[in-house]
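Q: Quick one: the structure is below, questions incoming.
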Amino acid sequence: MNKTTKTTLYRTIKRLGLENFFVHALDQTRHQSRLHRQILKLTPHPYAYAPHEARSVVRHSLKWQLEPANYFQWHQFYGLRDRVLETLLRLSQDARVFVDVGANIGFYSCVLAARAKQTIKVFSFEPNPETHAALVRHCTLNNLTNVVCAQTALGAEKSEAVLHDMAAGDLGKFSLRGSSGSGPRVDVDTLDSMVARLGIERVDLLKIDVEGFEPEVLAGAQKTIQRDWPALCLELTPEWTSHRHGLLKEMFESWSSGPYRFFSIESDSYVPFSFEHFLEGKLNTRPQYNLVGVNERQSRRLFESGALSRAISYRSRVFHTDSSRLESVSPSGQ
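In the numbering used here, the protein residues as written are 10 to 343.
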């Protein structure tokens, strides 16, 4: 089908009120990949929705007001599998503090906060005024009192900056990286400073998704990271971070004495990720990577989940799953 035909089909599906049929069909076929893909092709895509066209739904037993014209919100509206969320949920089982940098409308913050209301505290940073309002609204809608929402951008130093519109009003595509010259001016602080100001004694889980500004956020979080070694979940886009390779190299070298092992979050597994190769430009064939950095104890959570069903090598070590335990052996011991 060409785009005109698809647009007509999508409008018809919306007019007949069939969106929930596709939500159900996608959920029922999630383990039948071929059929799932065929249904997804017929599902109204983001461009079929007008900006700010909203839907009130329940997802993960929480109330949401979603705008499917936004790709991330479309993804959640149709209940598509979210491997980043799955990873965060696994790693949050023992977490007491989750810091969400680039919280957007609060999907990850709210889901994690709701799953462990009595044990976890969530600190959500979202600088965009409109998006921050949606974040606060979702916390209020769901009576989540264990979420602290801060309308602050995080970076390498305290400053003020323009939040650039990277995709014509898409609430998930605003970034401090850019040169549009237009957009709201926002306060920028460091995570280290905010951790001290908010009295956060320990960070257990840290997620960073800030549309190419990840190197700067990490630079301003070094004290916290090296104090707590939290499980890390971050997005890296080669095109956007190429100019900051020096900063990235410096940071990752400073972590060499730490416990981290990094993996790329794939559709059905976690694949070892080499920052050396990334910085050398050998991994630029993909537009984006979602990464998780874990220590050995945290990696057990990923193994126990069944997500890593095969041996995976990392540098000179190989990790094997054996029902409930994780053991490391040298390659020669395979």
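We put the beta carbon where it would ideally sit given N, CA and C, even for glycine.
1. Can you give me the Cβ contacts of D213 inside the same chain, cut-off strictly under 6 Å, excluding the 5 residues immediately before and after it?
2. For R310, which residues of its own chain have a beta-carbon under 7 Å away from its beta-carbon, when the five flanking residues on both sides are left out?
3. On the CB-based measure, 16 or more other CB atoms within 10 Å of its CB, does S297 come out buried or exposed?
4. Quick check: what's the CA-CA separation for F261 versus N79?
5. DSSP on R105, reduced to helix/strand/coil?
6. Here's a check: name, in chain order, each residue in its chain whose Cβ is nearer than 7 Å to the Cβ of R90, leaving out the five neighbours to either side.
7. Contact between the segment 263-270 and the segment 200-210: three or more CB pairs below 8 Å?
8. Quick check on the DSSP output: the beta strand (DSSP E) that includes S278 runs from which residue to which?
9. For W73, I'd like the list of residues in its chain whose CB is within less than 6 Å of its CB, leaving aside the five on either flank, ordered along the chain.
10. Considering A142, what are the terminal residues of the alpha helix (DSSP H) in which it resides?
11. Could you give the residue range of the beta strand (DSSP E) that holds K130?
12. Name the DSSP bridge partner or partners of F271?
13. For Q74, which residues does DSSP report across the bridge?
14. For L44, which of helix, strand or coil comes out of DSSP?
15. Compute every distance between the C-beta of S251 and the non-hydrogen atoms of the ligand COA, then say whether any falls below 7 Å.
16. For G115, which of T140, G255, E62 and F222 has the nearest alpha-carbon?
17. When the Cα atoms are used, what is the spatial distance from V13 to I22?
18. Is the number of C-beta pairs between the segment 214-224 and the segment 243-250 that are closer than 8 Å three or more?
19. By the 10 Å Cβ neighbour count, where 16 or more other Cβ atoms means buried, how is Q85 classified, buried or exposed?
20. For F271, count neighbouring C-beta atoms within 10 Å of its own C-beta (all shown protein chains included) and say buried if the count is 16 or more, exposed if not.
21. Go to R194, then tell me how far its beta strand (DSSP E) extends in each direction, as first and last residue.
22. Quick one: measure Cβ to Cβ for N304 and Y269, integer angstroms, because I've assumed they're closer than 8 Å.
23. Between N293, A162, R194 and E248, which has its C-alpha nearest L227's C-alpha?
24. With burial defined as no fewer than 16 other Cβ atoms inside 10 Å of the residue's Cβ, what is the status of P60: buried or exposed?
25. Go to V219, then tell me how far its alpha helix (DSSP H) extends in each direction, as first and last residue.
26. Within a Cβ cutoff of 6 Å, which residues of the same chain sit near V145, ignoring the five residues on either side of it in sequence?
27. Please report the Cβ distance between V32 and Y87, rounded to the nearest whole angstrom; I am assuming they are in contact, meaning their Cβ atoms lie under 8 Å.
28. Quick check on D109: buried or exposed, where buried means 16 or more other Cβ atoms within 10 Å of its Cβ?
29. What does the alpha-carbon distance come out to for the pair K258 and E285?
A: In short, the structure shows the following:
1. Its chain contains A104, R105, V106 and P239 as the residues whose beta carbon lies nearer than 6 Å to that of D213, once the 5 sequence neighbours on both sides are disregarded; these appear in chain order.
2. Cβ neighbours of R310 beyond the five flanking positions: R99, L100 and Q102.
3. The question names Ser, but residue 297 is Gln in the sequence shown. Burial call: exposed.
4. Taking the straight line from one Cα to the other gives about 33 Å.
5. Under the three-state reduction of DSSP, R105 is assigned to coil, being neither helix nor strand.
6. Excluding five sequence positions before and after R90, the CB atoms of its chain that fall closer than 7 Å to its own CB belong to R39, given in chain order.
7. Between the segment 263-270 and the segment 200-210, the count of Cβ pairs shorter than 8 Å is below three; the stretches do not touch.
8. Counting along the chain, S278 falls outside any beta strand (DSSP E), and DSSP gives it neither H nor E.
9. Counting only Cβ-Cβ distances below 6 Å, and skipping sequence neighbours, we find V66.
10. A142 -> alpha helix (DSSP H) spans P138 to L150.
11. K130 -> beta strand (DSSP E) spans K130 to F134.
12. Looking at the DSSP output, F271 shares a beta bridge with G302.
13. According to DSSP, which records beta bridges pairwise, Q74 is partnered with S65.
14. DSSP places L44 in the helix class (H, G or I) of the three-state scheme.
15. You won't find the ligand COA in this model; it holds no ligand whatsoever.
16. Looking at the Cα atoms, T140 is the closest of the given residues.
17. The question names Val, but residue 13 in the sequence shown is Thr. Roughly 14 Å between the two C-alpha positions.
18. Touching, yes, given that three or more Cβ pairs across the two stretches are closer than 8 Å.
19. By the C-beta density criterion, Q85 is buried, having at least 16 other C-beta atoms within 10 angstroms.
20. Around the CB of F271, 16 or more other CB atoms lie within 10 Å, so the residue is classed as buried.
21. Where R194 is concerned, the enclosing beta strand (DSSP E) stretches over R194 to D198.
22. Contact flag correct, Cβ pair sits at about 7 Å.
23. Closest option to L227, Cα to Cα, is A162.
24. Exposed, since its Cβ has fewer than 16 Cβ neighbours within 10 Å.
25. Neither: V219 is in no alpha helix (DSSP H) and is coded neither H nor E.
26. Excluding its 5 nearest sequence neighbours in each direction, V145 has C-beta neighbours in its own chain below 6 Å: C158, listed in chain order.
27. About 6 Å separates the two Cβ atoms, so the contact holds.
28. By the Cβ-count criterion, D109 is buried, with 16 or more other Cβ atoms from all chains shown falling within 10 Å of its own Cβ.
29. Using only the alpha carbons, I get a separation of about 8 Å.
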